[in-house]
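Using numbering that gives the first Met the number 0, the first residue of the sequence shown is number 0, and each one after it goes up by one. Here a beta-carbon is modelled for each residue, glycine too, at the ideal position from N, C-alpha and C. Just so it is clear, the structure is predicted and the values come from calculations on it, not from any experiment. Below is one structure, written out as structure tokens; the observations come after it.
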Amino acid sequence: MRLILFAILILFSPCQLLRPESHGIQVNYRDSVDVLNYSIHLTLRNLQDKKLEGFTVIKCVYPRGNQGSFAFDLAGLQVDSVTSPALKNVRFYQEKEIIRGTFSGKLTPADTVTLAIYYRGTPLRDKRWGGFFFAGDEAFNYGIGMDAVPPNFGRVWFPCIDNFTDRATYTFHVTIPEGYTAVCNGTLCGKRESEPGYYTWAWEMKQPIPTYLASVAVGRYVRLEGLYHGLQRSIPWQIYCLPEDSMKTAASFQQLPRWMQIFETRFTPYAWDRIGYVIVPFNHGAMEHATNIALARNTVD
């Protein structure tokens, strides 16, 4: 009997030794939570002010459980409040590029929780490349910060778990002045007049993506569009650009169906719901946001 008990002890002790908590090591907050969905609500009332305000609803689970605290990445923006329909006594504070908080009670791995974080301010640009830009009559993001650690740069415009491994679905609700268009990941669900002179554009990204591939662009865009007949299905393609750039943009993308055919044949059938580009006033290349690739205006001719 003693030998059996000893064998069982030996069998299970490595499991305990390998647990970070058993050594007093704090698990990184980015590794402790799995975000399922971000619902990003942004308002840009005047692009010349270079400010945004809004809130993001984060739906998440904690695979190891939670003892009453949370942390998300958010850089350069001021948090006004944090609310949750299920959590009690929610408190928060900002620490450099992290928003931290506490709540009463505990969460089990089976619990799904939502937090709404309200914030405002002027989004950051990276010192070298990337970030969130206001350029004249346009606003857009490039989701990587070349001088940032980590280089993911979702955190400059919405609170998130900003690493390459955590993936979530997205909904976007972007409120902007009449006459402007908001372009985000996924498919356009519609737009509505939310108040006199302002419209809210709604988009949905059904496939999970990491934060650096999340995207928004706002401008007085027109849309070029068509249908690519792929290996397995027909896929809509859409390119957003300024009216004065529409002819040269159309010329630059005239071989798009051929490109898609080559990629699908050589690699794998296209995975997303839409083939999408937005032409923006950036002078240093492109950013591969899923279904909404940001492409520098000086590259279309």
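Selected residue, minimal CA-CA separation from Phe54, among Asn65, Thr298, Ser251, Gly120: For the purposes of this step, residue 54 is taken as residue 55 along the sequence shown, with counting starting at 1. Of the listed residues, the one whose Cα sits closest to Phe54 is Gly120.
Residues near Arg127 in its chain [Cβ-Cβ closer than 6 Å; skip 5 each side]: If you number the sequence shown from 1, residue 127 lands on position 128. Its chain contains Met145, Asp146 as the residues whose beta carbon lies nearer than 6 Å to that of Arg127, once the 5 sequence neighbours on both sides are disregarded; these appear in chain order.
Helix, strand or coil: how does DSSP classify Val32 here? As a working note, residue 32 is residue 33 in the sequence shown. Three-state result, Val32: coil.
Secondary structure at Ile292, three-state DSSP: helix, strand or coil? Your numbering for residue 292 matches position 293 in the sequence shown. Looking at Ile292 - three-state DSSP - the assignment turns out to be strand.
If we ignore side chains and look at the alpha-carbon of each, how far apart do Leu106 and Pro256 end up? Numbered from its first residue, the sequence shown carries residue 106 at position 107. Numbered from its first residue, the sequence shown carries residue 256 at position 257. Straight-line Cα distance between these residues: approximately 49 Å.
Expressed to the nearest angstrom, what Euclidean distance is found between the alpha-carbon atoms of Arg301 and Gly67? Outside the shown range of the chain, which is 0 to 300, sits residue 301, and nothing can be said about it.
Three-state secondary structure (DSSP) at Ser83? Here residue 83 refers to the residue found at position 84 of the sequence shown. DSSP places Ser83 in coil when its eight states are reduced to three.
I believe Val155 touches Ala74 by the beta-carbon criterion, under 8 Å. Please report the beta-carbon distance rounded to the nearest angstrom. Sequence index remark: in the sequence shown, residue 155 carries index 156 (1-based). Sequence index remark: in the sequence shown, residue 74 carries index 75 (1-based). Between Val155 and Ala74 the beta-carbon gap is near 5 Å, inside 8 Å, which marks them as a contact.
What first and last residue would you give for the alpha helix (DSSP H) that runs through Phe262? Taking the first residue of the sequence shown as 1, we reach residue 262 at position 263. Membership of Phe262 in the alpha helix (DSSP H) is indicated by the continuous run 255-265.
Give the straight-line distance between the Cα atoms of Gln47 and Tyr118, rounded to the nearest whole angstrom. Taking the sequence shown and counting its residues from 1, the one referred to as residue 47 is at position 48. Taking the sequence shown and counting its residues from 1, the one referred to as residue 118 is at position 119. For Gln47 and Tyr118, the distance between alpha carbons rounds to 19 Å.
Assuming the contact rule is C-beta atoms closer than 8 Å, Glu203 and Thr180 should be a hit. Round their C-beta distance to whole Å, please. Your numbering for residue 203 matches position 204 in the sequence shown. Your numbering for residue 180 matches position 181 in the sequence shown. 16 Å between Cβ atoms; not a contact.
Mapping DSSP to helix, strand and coil, what is Asp72? The count along the sequence shown starts at 1 and reaches residue 72 at position 73. Assignment of Asp72 by DSSP, reduced to helix, strand and coil, places it in the strand class.
Pro195 (DSSP reduced to helix, strand or coil): Counted from its first residue, the sequence shown places residue 195 at position 196. The answer is coil: DSSP assigns Pro195 none of H, G, I, E or B.
As assigned by DSSP and simplified to three states, the class of Lys58: As a first step, residue 58 must be located in the sequence shown, where it is residue number 59. DSSP places Lys58 in strand when its eight states are reduced to three.
Going by other Cβ atoms of all chains shown within 10 Å of its Cβ, with 16 needed for buried, is His228 buried or exposed? Along the sequence shown, read from residue 1 onward, the residue named residue 228 stands at position 229. By the neighbour-count rule (16 or more Cβ atoms within 10 Å), His228 is not buried but exposed.
Identify every residue that forms a DSSP beta bridge with Val221. If you number the sequence shown from 1, residue 221 lands on position 222. Looking at the DSSP output, Val221 bridges to Cys240.
Between Phe133 and the rest of its own chain, which residues show a CB-CB distance below 7 Å, the 5 nearest in sequence each way excluded? By 1-based counting over the sequence shown, the position of residue 133 is 134. Sequence-distant partners of Phe133 (beyond 5 residues in either direction) whose C-beta falls short of 7 Å from its own C-beta, in its chain, are Leu46, Lys49.
Could you give the distance in angstroms between the alpha-carbon of Cys183 and the alpha-carbon of Gly275? Taking the first residue of the sequence shown as position 1, residue 183 is located at position 184. Taking the first residue of the sequence shown as position 1, residue 275 is located at position 276. For Cys183 and Gly275, the distance between alpha carbons rounds to 9 Å.
Residue(s) in a DSSP beta bridge with Val89: Against the sequence shown, residue 89 aligns to sequence position 90. Answer by DSSP bridge pairing: none, since Val89 is not bridged.
Are at least three pairs of beta-carbons, each pair with one atom in the region 23-42 and one in the region 159-171, less than 8 Å apart? Yes, the region 23-42 touches the region 159-171.
Regarding Leu294 and the ligand NAD, is the C-beta to nearest heavy atom distance less than 7 Å? Looking at this structure, you won't find the ligand NAD or any other ligand, since it has none at all.
With distances taken from CA atoms, which of Lys87, Thr264, Cys159, Ile116 is nearest Asp30? Position 31 of the sequence shown, counted from the start, is the residue given in the question as residue 30. Comparing C-alpha distances from Asp30 to each of Lys87, Thr264, Cys159, Ile116 shows the shortest one belongs to Cys159.
Using C-beta distances below 6 Å, list every residue in its chain close to Phe157, excluding the 5 sequence neighbours before and after it, in chain order. Start at 1 with the first residue of the sequence shown, and residue 157 comes out as number 158. Cβ neighbours of Phe157 beyond the five flanking positions: Ile39, Thr55.
Would you mind sorting Asn282 into buried or exposed? The rule is 16 or more other CB atoms within 10 Å of its CB. Along the sequence shown, read from residue 1 onward, the residue named residue 282 stands at position 283. In summary, Asn282 is exposed, with fewer than 16 beta-carbon neighbours lying within 10 Å of its beta-carbon over all protein chains present.
Suppose contacts are defined by Cβ-Cβ distances below 8 Å. Is Gly100 in contact with Phe69 by that definition? Within the sequence shown, numbered from 1, the residue matching residue 100 stands at position 101. Within the sequence shown, numbered from 1, the residue matching residue 69 stands at position 70. Yes. Within cutoff.
Local conformation of Asn140 per DSSP, three classes: Position 141 of the sequence shown, counted from the start, is the residue given in the question as residue 140. The answer is strand: DSSP assigns Asn140 an E or B state.
Residue range of the unbroken alpha helix (DSSP H) whose run includes Ala250: Taking the first residue of the sequence shown as position 1, residue 250 is located at position 251. Unbroken alpha helix (DSSP H) run through Ala250: 245-251.
For the beta strand (DSSP E) containing Pro176, name the first residue and the last one. The residue given as residue 176 occupies position 177 in the sequence shown. Element bounds for Pro176: 167-176.
Beta-carbon gap between Trp271 and Ala285 smaller than 8 Å: Position 272 of the sequence shown holds residue 271. Position 286 of the sequence shown holds residue 285. Their beta carbons are not under 8 Å apart, which means Trp271 does not touch Ala285 by this criterion.
To the nearest angstrom, how far is it from the Cα of Gln241 to the Cα of Leu223? If you number the sequence shown from 1, residue 241 lands on position 242. If you number the sequence shown from 1, residue 223 lands on position 224. The displayed chain sequence assigns Leu, not Gln, to residue 241. Approximately 10 Å, taken between the alpha carbons.
Would you report the Cα separation of Pro62 and Glu177, rounded to the nearest angstrom? By 1-based counting over the sequence shown, the position of residue 62 is 63. By 1-based counting over the sequence shown, the position of residue 177 is 178. If you take the alpha carbons of Pro62 and Glu177, they lie about 43 Å apart.
Note the first and the last residue of the continuous beta strand (DSSP E) segment covering Ile160. Mapped onto the sequence shown, residue 160 falls at position 161. Element bounds for Ile160: n/a, residue is neither H nor E.
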